[in-house]
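First up is the structure itself, then whatever we jot down about it.
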Amino acid sequence: MFLLEIIGSILGFGFNLFIGFIKLIIVIVIAGMASFKGYNPWLFAIGAIITPWPISFLLVFFMSYLPKKFPKFPNHIKNHSAFEGKNPVIASIMALSAMIAKADGNVSKEEIRYIKDFIAKNFGIAMQEVNDYADCFNYGKQHPEEYTAFTEMIFGYYRTRRDYVLALAYMLVGVAFQDGSESQVKEVQTRKIILALGLTDYEYQAIRMAYLGQSHGYSQGYGQGYTGGQGFGGYSSQQDLVKKYTQVLGLSEDASWSEIKRAYRKMVKEYHPDKLAADSVPPEYIEFANKKIREINEAYEYLEKVKGGK
Numbered sequence: 020m021f022l023l024e025i026i027g028s029i030l031g032f033g034f035n036l037f038i039g040f041i042k043l044i045i046v047i048v049i050a051g052m053a054s055f056k057g058y059n060p061w062l063f064a065i066g067a068i069i070t071p072w073p074i075s076f077l078l079v080f081f082m083s084y085l086p087k088k089f090p091k092f093p094n095h096i097k098n099h100s101a102f103e104g105k106n107p108v109i110a111s112i113m114a115l116s117a118m119i120a121k122a123d124g125n126v127s128k129e130e131i132r133y134i135k136d137f138i139a140k141n142f143g144i145a146m147q148e149v150n151d152y153a154d155c156f157n158y159g160k161q162h163p164e165e166y167t168a169f170t171e172m173i174f175g176y177y178r179t180r181r182d183y184v185l186a187l188a189y190m191l192v193g194v195a196f197q198d199g200s201e202s203q204v205k206e207v208q209t210r211k212i213i214l215a216l217g218l219t220d221y222e223y224q225a226i227r228m229a230y231l232g233q234s235h236g237y238s239q240g241y242g243q244g245y246t247g248g249q250g251f252g253g254y255s256s257q258q259d260l261v262k263k264y265t266q267v268l269g270l271s272e273d274a275s276w277s278e279i280k281r282a283y284r285k286m287v288k289e290y291h292p293d294k295l296a297a298d299s300v301p302p303e304y305i306e307f308a309n310k311k312i313r314e315i316n317e318a319y320e321y322l323e324k325v326k327g328g329k
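Add 19 to the 1-based position in the sequence shown for the working numbering, that's all there is to it.
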């Protein structure tokens, strides 16, 4: 009798452990789905935890039908005549582009043409429809202080499409150079907007230098390698190379090997030319991505020699 009670307790414990494991998976799935659709993942995770597991299991199906939550403009922008009935992403790109173009006081025909061409090609709309967003462009010129409302809109729409945010950043850098050179005020405005899109300062500098046909941080260019102990771009010491190559991967120089591997896989996915081509990002950005992939691979190869397995 006592033996049967022990067996029953063991089986009961095993069953509860199994149910707990299933519940944990359900909570993670629900939180992930909530985050993907723009909702607070912690709120949905707590809801899944406090409900019985059969009901939380049903929440997974509920989440699959829950519409994606898109960001909204503040009321004073949403109700402005310039934005009524307009695609909020296109409107935001027009406004942000105008802020950069107008930063030095003048907006050139080259800048306007460049912006219109980008939108027409990447959103598949006729040039006449692009012209309908002229009021959004003018609003951006007049209200550069409201850039965060537009960067938050774009970030909200493309929270799972960081590759497109990177491509858009490349385009915004291009706006600053359409007059042949970049003024200091345009550089400041462009950097501020791109950082507000969620990119790092290193990514901004890399995109900016790539637009100019240069290699950020490495004077010898992409693909030159670290042969002969001279390093990349004249950086001869291992400490300098580790610092530079970890920066390429968006990490600090004391990053662990596991952190390096995770960052490498993430960046290869973001910059892979085949994926970008399938996503129809600007061809100019794909050229930059090809160079970036070579830089990422070289950084990983060097760091693997120095830190791999440690």
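Beta carbons are placed, not taken as given, at the ideal position from N, Cα and C, and that holds for glycine.
All of these numbers come straight from a predicted model, not from anything done at the bench.
Distance between residue j and residue i (C-alpha atoms, nearest Å)
i: PHE40; j: ILE74; result: 15 Å
i: PHE92; j: GLN257; result: 48 Å
i: PHE76; j: TYR177; result: 28 Å
i: ALA274; j: LYS97; result: 43 Å
i: ALA114; j: ALA225; result: 24 Å
i: SER238; j: ALA145; result: Note on SER238: pLDDT 36, under 50, position unreliable in the model; no value is reported.
i: LEU62; j: ILE305; result: 38 Å
i: ASP151; j: ILE131; result: 13 Å
i: LEU36; j: ILE69; result: 17 Å
i: PHE174; j: ASN59; result: 16 Å
i: LYS42; j: LYS263; result: 43 Å
i: LEU322; j: VAL108; result: 39 Å
i: PRO71; j: GLN147; result: 55 Å
i: GLY259; j: HIS95; result: Reading the sequence as shown, one finds Asp at residue 259 and not Gly. Roughly 50 Å between the two C-alpha positions.
i: ILE279; j: LYS324; result: 12 Å
Closest Cα partner of residue i within the set the options
i: LYS160; options: ARG132, ALA117, ALA139; result: ALA117
i: GLY217; options: GLN203, GLU289, THR170; result: THR170
i: ALA64; options: LYS285, LEU231, ILE47, PRO71; result: ILE47
i: VAL194; options: ARG210, ARG180, TRP61, ALA168; result: ARG210
i: PHE156; options: THR167, VAL126, GLN266; result: VAL126
i: LEU123; options: ASP198, VAL287, TYR264, GLU320; result: One point to set straight first is that residue 123 is Asp, not Leu, in the sequence displayed. Looking at the Cα atoms, ASP198 is the closest of the given residues.
i: PHE408; options: LEU260, ALA318, ALA229; result: Nothing can be reported for residue 408: it is not among the residues displayed for the chain, which extend from 20 to 329.
i: VAL149; options: PHE307, VAL207, ILE134, TYR319; result: ILE134
i: PHE80; options: ALA139, ASP154, ILE45; result: ILE45
i: TYR183; options: GLU278, ILE138, TRP276; result: ILE138
i: ARG227; options: GLU320, TRP276, ALA308; result: ALA308
i: LYS310; options: LYS324, LYS326, MET286; result: MET286
i: VAL192; options: LYS140, GLU206, ARG180; result: GLU206
Span of the alpha helix (DSSP H) around residue i
i: ARG132; result: 128-142
i: THR167; result: 166-176
i: ASN94; result: 94-97
i: GLY66; result: 60-69
i: GLN197; result: That residue, GLN197, is in no alpha helix (DSSP H); it is neither H nor E in DSSP.
Nearest-angstrom Cβ-Cβ length linking residue i and residue j, presumed shorter than 8 Å
i: ALA120; j: MET82; result: With a Cβ gap of about 42 Å, ALA120 and MET82 do not count as contacting.
i: TYR221; j: ILE213; result: Not confirmed; about 11 Å, so no contact.
i: TYR283; j: ILE312; result: 11 Å between Cβ atoms; not a contact.
i: PRO90; j: MET172; result: 5 Å
i: TYR158; j: ALA101; result: 5 Å
i: GLN208; j: PRO163; result: 7 Å
i: GLY143; j: THR219; result: So it is not a contact: roughly 30 Å between Cβ atoms.
beta-carbon residue i near the ligand MG non-hydrogen atom, thresh 8 Å
i: ASN125; result: As presented, the structure is devoid of all ligands, the ligand MG included, so that no description of it is given.
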